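Q: Quick one: the structure is below, and I'll ask about it shortly.
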Amino acid sequence: MPTAILTPRVNNNDDLVRFSRTYVEPGAGVRKGDIIAEIETDKASVTVEAEADGYLLGFVHAVGETIPVGSTLAWMGSDPREAVPEEAAPAEIAVTGGAARGAPTLKASLLLARLGLNAVDIPASGERLTAEDVLRFADRHRSPAAADNAPAARSPEPALELAPGRRVPLDVVERGMLRTVRWHRDSAVAGYVEVDVDTAAWDARAAAFQQRHGLLMSPLLPLLAYRLVELARETPKINSTIAGDARHEYSAVNLGFTIQSGSRLALLSVRDAGSMDAKAFVDALSALMRRGMKNRLTADETSDVTISFSSMARWQVRRHVPVLPPFTALIVAHTHERNGVAALGASYDHRVLTGGEVAAILNRLAGPAPGQDAAPEPTA
Numbered sequence: 010m011p012t013a014i015l016t017p018r019v020n021n022n023d024d025l026v027r028f029s030r031t032y033v034e035p036g037a038g039v040r041k042g043d044i045i046a047e048i049e050t051d052k053a054s055v056t057v058e059a060e061a062d063g064y065l066l067g068f069v070h071a072v073g074e075t076i077p078v079g080s081t082l083a084w085m086g087s088d089p090r091e092a093v094p095e096e097a098a099p100a101e102i103a104v105t106g107g108a109a110r111g112a113p114t115l116k117a118s119l120l121l122a123r124l125g126l127n128a129v130d131i132p133a134s135g136e137r138l139t140a141e142d143v144l145r146f147a148d149r150h151r152s153p154a155a156a157d158n159a160p161a162a163r164s165p166e167p168a169l170e171l172a173p174g175r176r177v178p179l180d181v182v183e184r185g186m187l188r189t190v191r192w193h194r195d196s197a198v199a200g201y202v203e204v205d206v207d208t209a210a211w212d213a214r215a216a217a218f219q220q221r222h223g224l225l226m227s228p229l230l231p232l233l234a235y236r237l238v239e240l241a242r243e244t245p246k247i248n249s250t251i252a253g254d255a256r257h258e259y260s261a262v263n264l265g266f267t268i269q270s271g272s273r274l275a276l277l278s279v280r281d282a283g284s285m286d287a288k289a290f291v292d293a294l295s296a297l298m299r300r301g302m303k304n305r306l307t308a309d310e311t312s313d314v315t316i317s318f319s320s321m322a323r324w325q326v327r328r329h330v331p332v333l334p335p336f337t338a339l340i341v342a343h344t345h346e347r348n349g350v351a352a353l354g355a356s357y358d359h360r361v362l363t364g365g366e367v368a369a370i371l372n373r374l375a376g377p378a379p380g381q382d383a384a385p386e387p388t389a
């Protein structure tokens, strides 16, 4: 009997995704865990895997369509000749006020999120709420002050006249990086500040924590990241982003942590890290890192970060200016130490934070943490 593969949720706030790519032809045999398709939002691209051994019977939607989260994406079967069930059209979204209209297009959904608007407040000009509908509504209702503060639209990038060569399509990781860089370029007003950190003090804390909990590897970087989580709990402003003309402070601290596996750069997401103690956080991050090194991360494990930490110390990098993940205000960069001193830098969204505020956070991150493990007492 055919089995449905459902469209996964990529981000908590996105009810629609774009069906962007297929990896398997209908009728082909697949193994559990094989990648069959790819979906994307403005924040991330994720692959969809076969959930069991069998045959891909077919996809419900065409590549390029915007589809609801939870809808059937594809059908699997035990025999390639099985008939694909007829799939009902996606249900229309009912809105308050009595009328019903179709779901917003993906472009409209992205504009709604960026401008902090609600689809139910905006009349649709046709069967679907379009980006043009959203822009017309925003132009009519925004205040002069908001208009003055709105970012200027970027001109389309000019067509390039390149020397002869070949075009290589971007894979899912590369497209995710492209979207991140574009958000950093087009939306955030990025700044960077840097302070020194005494590595001996942090090394001692990490060694004590490692000895106390019997860990095989030094927890230095996870403990630095956890200290950032503590500071985000104490200072909600650094765990926020701009939505329209307001600051949106996230209710949970989802810590993003970068890892490099071969040529692939991934941003892990330790969800609700603010509810964990240091040991639980270190364990959760370590498990994610192991999955990341095997390229086995799920959509939930790489999305919805609210504040981030990155390190290039393993490459002996002394200065590292990271790109802000979309819809975040702060990413901290840790670097290689020299003569007992390393650098803690931070890229930040100047729309949310000032350089002085970020410098204060970095100095607190570099300094002693209340209640953190101290170095073990020397024995006689």
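If you count the sequence shown from 1, position 98 lands on 107 in our numbering, and the numbers rise without skipping. In this text, a Cβ means the ideal position worked out from N, Cα and C, and glycines have one as well. In this text the structure is predicted, and so the values were computed from the model without any measurement.
1) Can you give the Cα-Cα distance for residue 335 and residue 193, rounded to whole angstroms?
2) Roughly how many whole angstroms lie between the Cα atoms of residue 53 and residue 187?
3) Apply the 10 Å Cβ neighbour rule to residue 227 and answer buried if 16 or more other Cβ atoms are within range, or exposed otherwise.
4) Measuring only from the beta carbon, is residue 43 closer than 7 Å to any heavy atom that is part of the ligand ATP?
5) Could you check whether residue 351 and residue 206 sit closer than 8 Å to each other, using their CB atoms as the reference points?
6) In terms of residue numbering, what span does the beta strand (DSSP E) encompassing residue 75 cover?
7) Roughly how far, in whole angstroms, is the beta-carbon of residue 314 from the beta-carbon of residue 264, given that I think they are within contact range, below 8 Å?
8) Whole angstroms are fine: how far does the CA of residue 133 sit from the CA of residue 109?
9) Within its chain, find whatever has a CB closer than 6 Å to the CB of residue 89; leave out the 5 residues flanking it on each side and keep chain order.
10) Quick check: the segment 12-23 against the segment 77-87, are there 3 or more CB pairs under 8 Å?
11) Considering only the beta carbon of each residue, do residue 342 and residue 330 sit closer than 8 Å?
12) Between residue 182 and residue 274, which are expected to be in contact by the criterion C-beta below 8 Å, what is the C-beta distance as a whole number of angstroms?
13) With distances taken between CB atoms, is the gap from residue 8 to residue 316 smaller than 8 Å?
14) Spatial neighbours of residue 311 within its chain, please: CB distance less than 8 Å, with the 5 preceding and 5 following residues excluded, ordered by chain position.
15) Can you give the beta carbon distance from residue 322 to residue 340, rounded, assuming they're within the 8 Å contact cut?
16) Taking the C-alpha atoms as reference points, what is the distance between residue 74 and residue 25?
17) Residues in the same chain with beta-carbon distance under 7 Å from residue 222, minus the five sequence neighbours each way, listed in chain order, please.
18) Hey, residue 236 and residue 374: beta-carbon distance below 8 Å or not?
19) Name the two residues that bound the continuous alpha helix (DSSP H) containing residue 235.
20) Apart from the five residues just before and just after residue 290, which ones in its own chain have a Cβ nearer than 6 Å to its Cβ?
21) Please say whether residue 254 and residue 280 have beta carbons closer to each other than 8 Å?
22) Can you tell which of 72, 196 and 60 has its C-alpha closest to the C-alpha of residue 357?
23) State the start and end residues of the unbroken alpha helix (DSSP H) segment that holds residue 295.
24) Look at the alpha carbon of residue 271 and the alpha carbon of residue 301, and state the distance between them as a whole number of angstroms.
25) Find the nearest neighbour of residue 44 within the set 353, 365 and 305, judged by alpha-carbon distance.
26) With 16 as the cutoff for other CB atoms within 10 Å, does residue 307 come out buried or exposed?
A: According to the data block:
1) Cα-Cα distance, rounded: 7 Å.
2) The alpha-carbon separation between residue 53 and residue 187 amounts to approximately 10 Å.
3) Residue burial is scored here from C-beta neighbours: residue 227 has fewer than 16 other C-beta atoms within 10 angstroms and is therefore classed as exposed.
4) The ligand ATP is absent from the structure shown, which contains no ligands of any kind.
5) Yes, the Cβ-Cβ distance between residue 206 and residue 351 is below 8 Å.
6) The continuous beta strand (DSSP E) containing residue 75 extends over residues 75-77.
7) Rounded, the Cβ-Cβ distance is 7 Å, consistent with contact.
8) Below a pLDDT of 50, predicted positions are generally treated as unreliable, and residue 109, at 33, falls in that range; no measurement from the model is reported.
9) Leaving aside the five residues that flank residue 89 on each side, the residues in its chain whose CB is nearer than 6 Å to its CB run, in chain order, 36 and 64.
10) Yes: at least three Cβ pairs fall under 8 Å.
11) Their beta carbons are under 8 Å apart, which means residue 342 touches residue 330 by this criterion.
12) With 8 Å as the limit, residue 182 and residue 274 qualify as a contact, their Cβ atoms being about 7 Å apart.
13) Residue 8 cannot be examined here, being either before or after the span of the chain that is shown, 10 to 389.
14) Take residue 311, set aside five residues on each side of it, and the residues of its chain with a beta-carbon closer than 8 Å to its own are 53, 55, 275, 276, 277 and 278, in chain order.
15) About 15 Å separates the two Cβ atoms, so there is no contact after all.
16) Distance between the alpha carbons of residue 74 and residue 25 is about 10 Å.
17) Answer for residue 222: 288, listed in chain order.
18) Taking 8 Å as the Cβ cut-off, residue 236 and residue 374 qualify as a contacting pair.
19) That run of the alpha helix (DSSP H) goes 229-243.
20) Taken in chain order, the residues that qualify are 235 and 282.
21) The answer is no: Cβ separation not under 8 Å.
22) It is 196.
23) Per DSSP, residue 295 belongs to the alpha helix (DSSP H) from 287-302.
24) Distance between the alpha carbons of residue 271 and residue 301: 11 Å.
25) Per the Cα distances, 305.
26) Of the other Cβ atoms in all chains shown, fewer than 16 fall within 10 Å of the Cβ of residue 307; this residue is therefore exposed.
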